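In terms of UniProt numbering, the sequence shown opens at residue 1 and continues consecutively.
Just so you know, even glycine gets a beta-carbon here, dropped at the ideal spot from N, CA and C.
Treat the numbers as computed from the prediction; the structure is a model and nothing was measured.
Please read the structure below before turning to the comments.
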Amino acid sequence: MKRYEDLSPSLRCIMTPGPVEVDPRVLRAMSYPVLGQFDPEFTEIMNETMEMLRELFATKNQWAYPVDGTSRSGIEAVMVSLIVPGDRVLVPVFGRFGHLLYEIAERCGAEVLTIEQTWGRVFPPEEVIEAIRRFKPDVVAMVHGETSTGRVQPLDGIGQACREQDALLIVDAVATIGGVPVETDAWMLDAVVGGTQKCLSIPSGMAPVTYNDRAEAKLLRRKQVERGLRTDTAAVSELPVVRSNYLDLSMLQDYWSPRRLNHHTEMTSMLYALREGLRLVLEEGLEARHARHRFNEQALTAGLSAMGLELYGEAESKLTVVTCVLIPAGIDGEAVRSMLLQRFGIEIASSFGPLQGQIWRIGTMGFSCRENNVLRLLGALEAVLIRHGYAVPAGQGVQAALDVYDSKVR
Ligand SMILES: Cc1ncc(COP(=O)(O)O)c(C=O)c1O
Numbered sequence: 001m002k003r004y005e006d007l008s009p010s011l012r013c014i015m016t017p018g019p020v021e022v023d024p025r026v027l028r029a030m031s032y033p034v035l036g037q038f039d040p041e042f043t044e045i046m047n048e049t050m051e052m053l054r055e056l057f058a059t060k061n062q063w064a065y066p067v068d069g070t071s072r073s074g075i076e077a078v079m080v081s082l083i084v085p086g087d088r089v090l091v092p093v094f095g096r097f098g099h100l101l102y103e104i105a106e107r108c109g110a111e112v113l114t115i116e117q118t119w120g121r122v123f124p125p126e127e128v129i130e131a132i133r134r135f136k137p138d139v140v141a142m143v144h145g146e147t148s149t150g151r152v153q154p155l156d157g158i159g160q161a162c163r164e165q166d167a168l169l170i171v172d173a174v175a176t177i178g179g180v181p182v183e184t185d186a187w188m189l190d191a192v193v194g195g196t197q198k199c200l201s202i203p204s205g206m207a208p209v210t211y212n213d214r215a216e217a218k219l220l221r222r223k224q225v226e227r228g229l230r231t232d233t234a235a236v237s238e239l240p241v242v243r244s245n246y247l248d249l250s251m252l253q254d255y256w257s258p259r260r261l262n263h264h265t266e267m268t269s270m271l272y273a274l275r276e277g278l279r280l281v282l283e284e285g286l287e288a289r290h291a292r293h294r295f296n297e298q299a300l301t302a303g304l305s306a307m308g309l310e311l312y313g314e315a316e317s318k319l320t321v322v323t324c325v326l327i328p329a330g331i332d333g334e335a336v337r338s339m340l341l342q343r344f345g346i347e348i349a350s351s352f353g354p355l356q357g358q359i360w361r362i363g364t365m366g367f368s369c370r371e372n373n374v375l376r377l378l379g380a381l382e383a384v385l386i387r388h389g390y391a392v393p394a395g396q397g398v399q400a401a402l403d404v405y406d407s408k409v410r
């Protein structure tokens, strides 16, 4: 009989745009005993998690809870619940994850309208606002932090333009939440989806979402109570019911409301992880956390430039938490990544679609975003590049990053 060894994953330094390293406090929380899903101790954990999510999303929305599944499940839940087949949906695309929103909208039966921006850039908000006025969509879906290109889309004025056209604005803040400001109420975002495995530094497996009364009003027009849970004749919904049962937010919100109307069986250990991860974020403070991400980015980019490496994309829209580096001519990007991982235990990411083989993507997110990780990566990258025949000015990368760190009054 085959014998399976004890699991013993390597301790990695993970500098990718997710998943990233997880704080030991979160890992410890995941090992706590399982509670029943209607145990008052557990429902209190659900309530506290909702309270902390409201702070994270900077919102007074009643609804802020996790969808069980990876971030994509949160995106699908929001889109399948808020897009009625036949709706006109505008998706501004400036990278891979904009294409994902397009594809999901299409699968929801929407008439999808799009504007596209060259990868490595974002839209001036006026261009999106002009498209909203021209297309008059029912829904606008867009990415805030595009990890495929390392860009952040300014959202100013877009929420207001959606209100003027009575459109709902859905935002993928999977990569930004917990690392970069996301102002749900101030920016008038109707529904926002976050991710756990990036700046929140929790394992992948839950997608925190929030949505406001405007979004809820549409949901309630599609609401249907599950057949086996009905206590009276179910009201006929005014709009077509949501095509997914698992991802139907009108049912999920009943489960997260004081009614606790049963839906799925909540992911106990993941919820412990989310609660602990949120506690860590709020203990650090959102502003301090955003500043930490900016500071480590500054050290990393100073180090990379001192090594003679060039950053990809327009500078003004660079996403703090993802740094894209052009792979120097003649260097095999995958061989470099592999040596970093195998010999130094450090992981950086490759890239997708048109950027494949062109750039490396370095994440500075959450628990991974710290001085010793940045210095370790710069030192190791120098050694690996020299090994691959690329002339790096010796020691300059780490020294430039140290200069940034030492400039801070501690
Ligand atoms: C911006 C963005 N949106 C959505 C996703 C999808 O998330 P998941 O892989 O957790 O489903 C990712 C994942 O990398 C992402 O970076």
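Contact belief for residue i with residue j at Cβ below 8 Å, rounded distance in angstroms
i	j	result
R151	V122	5 Å
V89	A110	4 Å
A191	V209	7 Å
M142	A105	Between A105 and M142 the Cβ distance is about 11 Å, and since that is not below 8 Å, they are no contact.
G18	G195	7 Å
Q165	I132	6 Å
A29	A273	6 Å
G178	R292	At roughly 11 Å, the Cβ-Cβ gap does not stay under 8 Å, so G178 and R292 are not in contact.
I359	S351	5 Å
V404	I362	That belief does not hold up - the Cβ atoms of V404 and I362 are roughly 15 Å apart, past 8 Å.
E347	I14	5 Å
W119	P354	6 Å
heavy atom of ligand 1 below 8 Å from residue i C-beta
i	result
G313	no
Q197	yes
T70	yes
V321	no
V143	yes
G303	no
I202	no
G18	yes
L155	no
F97	yes
A217	no
V174	yes
T147	yes
L189	no
S269	no
A105	no
L100	yes
I386	no
S73	yes
A207	yes
Counterpart residues of residue i in DSSP-defined beta bridges
i	result
I170	A141, A191
residue 413	Outside the modelled stretch of the chain, which goes from 1 to 410, sits residue 413, for which no answer is possible.
I45	According to DSSP, which records beta bridges pairwise, I45 is partnered with nothing at all.
V152	G145
residue 413	Since the first residue of the chain shown is 1 and the last is 410, residue 413 is not available in this structure.
W63	Y211
M206	D68
C324	R361
L27	L27 is not bridged to any residue.
I14	E347
K318	R151
E116	V93
L311	V325
Any non-hydrogen atom of ligand 3 within 8 Å of residue i CB
i	result
Y211	Absent from the structure shown: ligand 3. Ligands present: ligand 1.
Proximity test, Cβ basis, 9 Å: residue i and chain D
i	result
K408	You won't find chain D in this structure, because it holds only one protein chain.
Worksheet item: Along the chain, which unbroken stretches of the alpha helix (DSSP H) at least 4 residues long are found entirely within the segment 245-302?
Response: 249-256, 268-284
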